[in-house]
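Chains as they are written, first to last, in the numbering used here: chain A, -3 to 670; chain B, -3 to 670.
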């Protein structure tokens, strides 16, 4: 199809913007679903950002010193796919755009980082991208503090995010913005797509925040942009944002949703769904586009980006040259850079971690803290902290300093009482690459941070969650603070590795497993209370944790047991105690420690049969958590010593009695099967 | 023990405040755990609030027109127990205070409304109380709009909450405050206990919000209180807060945590844990208290509250007199008041709901919406809405108007894109009493609102959650929007009733079950996509939903089946389709619909055996959710057609094929067992 004559005289700005808009409406029309409103409303801002500010190299999407772009309002995914295609990312061909929202297309309904190279962050559930962007900015600051030298600035990149009304209504935006302002993350810029439209109608139906006042309250630099479509004003705003020191910036841009659609622009109906053939045609006509051309990319636009790609490639080339000089002068730092990028975990890490003497009781939060200190020494790309509970979760490693405003070399993050932000920041650090983030709080508060854990699992990015106070044995704080269903609810998320070590020595291997799990989140569930440290000369070694489940002890090794007791975490010792009593009575009984269902399930069928033989159906599971899910291992014939209700407020020894977490009760339950 | 002479001349204000402080340190000392810091820091504010503003009647804690007090920072529970005791609530005897944090004491570590009459709201997980207080204020406004007349003001109560640094750092505080400001809830007053201390250290470590700017951004009235211990200034602030029209008020009071402890006041260490005998003694000395007196309540304090109780009782008596006049003049409204208080659901509700013709496919979100409209007509004390997804979740019932600023008779709430606030508001409405709240969003976004669902379950309060788009059949929006683990993760919470109806007619009974479930939250999981409406003359009736699970169809009624297919929601028809094919081959096969595990588990063993006979171990479960948990019904011998991964972005029919949710695959799975 030949292009209209007007294309030759139209400004390139306008041509590119209209290409974004028409690619969007064509893709949504073909898919018969999707969201045109945001990409059309943000086409202008993103034009200025992508063509004048964003330092990337489409030929090498993983160039580590690049800027990061986050579309927090992920429903506007066609904006990102359009840009990736025009910019020349191989991951998004025009064919893939034509297959928007189809199976295996690489262009899913909401952007998924693992599906589409160039998508930095998986977004869609609103607000997540706000927190992820803070995580990316923290990662960048830590990189800069670690690698920049007086003579070399290797890391000076920016994190840009487009955030919507929905993002800013979500609570996570408060936690994320408050933390970013506190930390003075001047490498972070949000563009607020203030289009005054939401799904139920005008945003005024439910929302009347004074956003500038709110963000001034967070110590952000606030730029008001009365016309979010004015390229000059956008450029001025972005230039100002880049120049601000010590504060993140929010550019509040008034935009028109669905801009370009004669009938729908500015209307709630522009938000989602295909416009229909008539309005698609009317929109194209309105934009000076051929009405019958689908997925049209004007030749001048193609040429423009061919030139742009040269500029982009040159930027990386210049950086590579700088890095070569840097490597020559600072070979150790350059080696460290590589180690970071590879997330290189020492093969002999386990040998470098503390061991704990048998017989001495220890809470796994305490042993975990000791292990973490040793891990910090071995794994310099691990940074993290707690949501104001470090004294309880034992995750503050004082030798490595705090990450504070202007002190970005510290490896201990202080998230404040912001669990949700913590989760999104841990994810953001994972998305950044070359770093592993961890976050820590009480186990029951995972409920505040499930969305980032889930999205991290979906996106196969690393992130370690250290959850202490992992059961009703929290004790006096009572049921509001006592997890009962949380092991189940985390085991239920695909690709989350949950580990609940049985004693202090398993807690060391739990960290080994966590650090080597780089394709999804890991959850460590650790006790508040002291539990016995097993004598590993008398029971199987703690290294077996790496298989997820194992035979801890057989009363009659080599024979098929009559009954199997299965336990996790702080209940394994109860299973062992009961087993020892049964052994005294001559029973052939086995104790299986099952610290990680996820790791165990991934073992071979043969191995699993060797641990839990199908023929042995007399089984008792012991876990201070909800029964739900345990039937996988106990079947119809087995029993459980588990929870069916919430816990209670009382000293933990009393709680144990109340709910039957005693050797006597485990023993009685086992005997009822024999 | 005789009281020191100084007690006779000390001001009563000071005596009461010091009684609160010393009861707190004594209780925490005896329990060897707990939190002294907040009760000591807020003793002054709460003195003014409880003795000069709060309209309650300790002799009748459930007087419906009372003010509501929420201690969002629930760790300061000794503040509330001290007040309840001094005020004369029978629920908190001195003996119970002496048994603080012990089993079955009624004084758990964090306040639990179901454990302690007079505790309005269960708190502890930070931020929850902020949202609950907004729910209480909404409930009060709806009551006022429904029952007040030009000549009678029956409802004019206030909701007061104490919120901490932690509460205000939590994201939920943003959603709650933004919504309250938007709605102009002038019956809501927060006291911000601005003590500059958190667990990891000074709040400045992680927090530097300009709180007045932030709350001005939310359209709140902000009162700055430089000395949060100055009774006169507190009284002036509360008087001002009561007088403000059209805005909620936050009083920002600078306080000293642990005030009165010579060594610990103002320090992070004052936050929690027993002070130890020496500091307890030093604190008492500092407060002019006998050092060796434990749990001392001065006689003048006892007398003071005896007088106070008369005042309080008189307040309710006056209200009762007004209500009597009101009843005489407006008998219908008075009857409605009673109906509200009893949450009276018509016994014949099911007969008043729509029925849906067999053969016509319908999405259960649509049938659910039709049912909800009929329910609104029958159940006037049901109010609720959606988190900006009403057009998709079908929960906006236009005949009943919107609840907007100044238009508080509307029954449709517009929560905005604030799922977490929605959950806490639904809970708050439940805590208020005389109302049932509901909230609606996509099922996957339950992850944003688990804390309030959990606390509602713990507290046994009603609340209905209408979650549509309940599976991978969301389709094109992709895995970020496709729940897979969510059925499991909600079933895992004790006392949450999850219902996933199999077709349109079951959706009506699902609402019947939900409305009659007044002792915990109910979750309705409804489909986005059309599913068949069963011909109930050929399969068992939809009213069987009320048993949770039932035999939908037997190919050979009266004989023991060879195999049982179990399904929920949109997969029941696949099970039935496969069963019909097996029947054609002469097999004796049963289809069990299991819309609610929770209801089903509560049936008799006999009934359950009649549905799922233990002898039949060939079982196939079909559900478009994660396998986790299904082993309860399939055992070692059964199989599942379920999910083991996240979903994908594609049209839902394609998604069904990809993951095997087809009659053919269910059939093949069943045959593999036969």
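Beta carbons are placed, not taken as given, at the ideal position from N, Cα and C, and that holds for glycine. All values reported here derive from a predicted model rather than from experimental measurement.
Nearest-angstrom Cα separation, counted from residue j out to residue i
i                      : j                      : result
residue 559 of chain A : residue 636 of chain A : 13 Å
residue 646 of chain B : residue 152 of chain B : 52 Å
residue 322 of chain B : residue 181 of chain B : 25 Å
residue 608 of chain B : residue 379 of chain B : 38 Å
residue 585 of chain A : residue 498 of chain A : 19 Å
residue 401 of chain B : residue 449 of chain B : 26 Å
residue 136 of chain A : residue 264 of chain A : 37 Å
residue 666 of chain A : residue 570 of chain A : 12 Å
residue 24 of chain A  : residue 113 of chain A : 21 Å
residue 353 of chain A : residue 519 of chain A : 25 Å
residue 252 of chain B : residue 187 of chain B : 14 Å
residue 43 of chain A  : residue 139 of chain A : 28 Å
residue 240 of chain A : residue 308 of chain B : 58 Å
residue 40 of chain A  : residue 517 of chain B : 46 Å
residue 177 of chain A : residue 211 of chain A : 9 Å
residue 426 of chain B : residue 372 of chain A : 47 Å
residue 280 of chain A : residue 227 of chain A : 21 Å
residue 246 of chain A : residue 260 of chain B : 40 Å
residue 407 of chain B : residue 160 of chain A : 28 Å
Bridge partners - residue i, DSSP secondary structure assignment
i                      : result
residue 432 of chain A : A:378
residue 410 of chain B : B:382
residue 461 of chain B : B:435, B:519
residue 190 of chain A : A:250
residue 615 of chain B : B:560
residue 550 of chain B : B:586
residue 636 of chain B : B:617
residue 305 of chain B : DSSP output for residue 305 of chain B lists no bridge partner at all.
residue 399 of chain B : B:409
residue 527 of chain B : B:358
residue 217 of chain A : A:245
Beta-carbon gap between residue i and residue j smaller than 9 Å
i                      : j                      : result
residue 424 of chain B : residue 134 of chain B : yes
residue 654 of chain A : residue 99 of chain B  : yes
residue 117 of chain A : residue 104 of chain A : no
residue 283 of chain B : residue 92 of chain B  : no
residue 440 of chain B : residue 410 of chain B : no
residue 458 of chain A : residue 339 of chain A : yes
residue 462 of chain A : residue 389 of chain A : yes
residue 202 of chain B : residue 175 of chain A : yes
residue 405 of chain B : residue 126 of chain B : no
residue 471 of chain B : residue 268 of chain A : no
residue 249 of chain A : residue 190 of chain A : yes
residue 447 of chain A : residue 420 of chain A : yes
residue 374 of chain B : residue 348 of chain B : yes
Residues near residue i in its chain [Cβ-Cβ closer than 6 Å; skip 5 each side]
i                      : result
residue 416 of chain B : 168, 171, 444, 445
residue 468 of chain A : 478, 620, 643, 651
residue 482 of chain B : 439, 442
Residues near residue i in its chain [Cβ-Cβ closer than 8 Å; skip 5 each side]
i                     : result
residue 89 of chain B : 81
Sequence-distant residues of the same chain with beta carbon closer than 7 Å to residue i, five excluded per side
i                      : result
residue 413 of chain B : 383, 384
Residue-level contact to chain D via CB, residue i, 9 Å cutoff
i                      : result
residue 206 of chain A : Within the model displayed, chain D is absent; protein chains A and B are what it includes.
Quick check: the stretch 326 to 343 of chain B against the stretch 35 to 45 of chain B, are at least 3 beta-carbon pairs closer than 8 Å? When Cβ pairs closer than 8 Å are counted between the two stretches, the stretch 35 to 45 of chain B is seen not to touch the stretch 326 to 343 of chain B, the count staying below three.
Could you tell me whether the stretch 629 to 643 of chain B touches the stretch 510 to 528 of chain B, using the rule of 3 or more Cβ pairs below 8 Å? With the cut-off at 8 Å, the stretch 629 to 643 of chain B and the stretch 510 to 528 of chain B do not touch.
Does the stretch 353 to 366 of chain A come close enough to the stretch 494 to 513 of chain A that 3 or more CB-CB pairs lie under 8 Å? At 8 Å Cβ cutoff, the stretches touch.
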